[in-house]
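Below is one structure, written out as structure tokens; comments come after it.
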Amino acid sequence: MVDNRFATALVIGSLLSLLSAVYLCVALGTDNWYEYRSPPAEGNASELHEEFVSDDADEKAYSDTLFRLNGTLGLWRRCIVVHGEAHWYKAPDPKMVTKCVSFSLVNLFTPKYSEPGNHNSGEDLLRTCE
Numbered sequence: 001m002v003d004n005r006f007a008t009a010l011v012i013g014s015l016l017s018l019l020s021a022v023y024l025c026v027a028l029g030t031d032n033w034y035e036y037r038s039p040p041a042e043g044n045a046s047e048l049h050e051e052f053v054s055d056d057a058d059e060k061a062y063s064d065t066l067f068r069l070n071g072t073l074g075l076w077r078r079c080i081v082v083h084g085e086a087h088w089y090k091a092p093d094p095k096m097v098t099k100c101v102s103f104s105l106v107n108l109f110t111p112k113y114s115e116p117g118n119h120n121s122g123e124d125l126l127r128t129c130e
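Here the sequence shown is numbered in our numbering, starting from 1 and rising by one per residue.
Next up, the structure:
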């Protein structure tokens, strides 16, 4: 026969387990964890966009681009907001489009540093998947 203390512990443990599973699912499914708000982009937005979508962009490069182009950073991808049309003619009210790049497995497991781009600042273990 089960004592009341054990039944109570089982119910509490089950509820805590359920809550942690829901929290984990929500955290993994969140599109963006950080959202940057900055003034309008400068004249070199096309250069920043090219650097952002390249496969060999390091953390410092894409962090700067995220900040300058109102980007968002999530667990699975990073996104920036750019002009929809990159022609020589700029409309008075340009249409803004969100461009996203998914992280590769290699990017997810590369070490992240406390200060992006400074390898001497020490590894940030909270942001490194190991």
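Every residue, glycine too, gets a C-beta built ideally from N, C-alpha and C.
From a predicted model like this one, the values you see are computed outputs, not experimental measurements.
Segment contact flag, the region 45-62 with the region 14-32, C-beta cutoff 8 Å, min 3 pairs: Cβ pair count under 8 Å is below three, so no.
Residue environment, Leu-66, which counts as buried when at least 16 other CB atoms sit within 10 Å: Label assigned to Leu-66: buried.
Beta-ladder partner(s) of Cys-100, from DSSP: Answer is Cys-79.
Leu-73 (DSSP reduced to helix, strand or coil): The answer is strand: DSSP assigns Leu-73 an E or B state.
Proximity of Pro-116 and Glu-35 at Cβ, strictly below 8 Å: For Pro-116 and Glu-35, no; Cβs fall outside 8 Å.
Sub-8 Å separation of Arg-78 and Val-101 beta-carbons: It is a contact, given that the beta carbons lie within the stated cut-off.
Span separating the alpha-carbon of Ser-121 from that of Ala-57: Distance between the alpha carbons of Ser-121 and Ala-57 is about 19 Å.
Neighbour-count burial assignment, Gly-13, 16 or more Cβ in a 10 Å radius: Flag for Gly-13 reads exposed.
Residue environment, Gly-71, which counts as buried when at least 16 other CB atoms sit within 10 Å: With 16 or more neighbouring CB atoms inside 10 Å of its own CB, Gly-71 falls in the buried class.
Local Cβ density within 10 Å of Leu-28, reported as buried at 16 or more and exposed below that: Exposed, since its Cβ has fewer than 16 Cβ neighbours within 10 Å.
Residues of its chain near Pro-94, where Cβ-Cβ distance is below 6 Å and the 5 sequence neighbours each way are ignored: Non-local beta-carbon contacts of Pro-94 in its own chain, meaning distances under 6 Å to residues more than five positions away in sequence, involve His-83 in chain order.
Residue from Ser-46, Leu-73, Val-97 and Met-96 whose Cα sits closest to the Cα of Leu-108: Looking at the Cα atoms, Leu-73 is the closest of the given residues.
Candidates Ala-7, Leu-16 and Phe-103: closest to Trp-164 by CA position: This structure cannot speak to residue 164, because the chain is shown only from 1 to 130.
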